[in-house]
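Working notes for the structure below.
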Amino acid sequence: MATGATIDRPTIDRLAVRVCHAVRDARGEHQAWIALTYVANRLDDQSADAVDAAIAFAAAKGWLSLGGAPSHSVLLTPRAP
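Residue numbers (the numbering used here): 1 to 81.
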């Protein structure tokens, strides 16, 4: 059995959807880049690691585009839930 905390996939799926909703709430009706700090603050009931994992998951699913290197903002795509 592996040591350390693990995050099960259904939790990441649900949190990724919450991330997309937070971005949608922030942008309103306009397509806009949203700061990752804003998203993290909206999901302050979650650990930073879980939020980072959910953002990465949402980006891998094509729901979010990441901006900057290192990433500092996200853009919701039309595929987002």
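The beta-carbon is built from N, C-alpha and C at its ideal position, and this holds for glycine as well. The structure presented is a predicted model; accordingly, all values stated were derived computationally and were not measured.
C-alpha distance - residue i paired with residue j, whole-angstrom precision
i	j	result
Val51	Val19	8 Å
Ala40	Ala56	13 Å
Gln46	Ile12	11 Å
Ala80	Gly62	7 Å
Gly28	Leu43	18 Å
Trp33	Thr77	11 Å
Ala35	Val74	6 Å
Residue i burial status per 10 Å Cβ neighbour count (16 or more: buried)
i	result
Ala16	buried
Ala69	exposed
Ala48	exposed
Beta-ladder partner(s) of residue i, from DSSP
i	result
Leu64	Leu76
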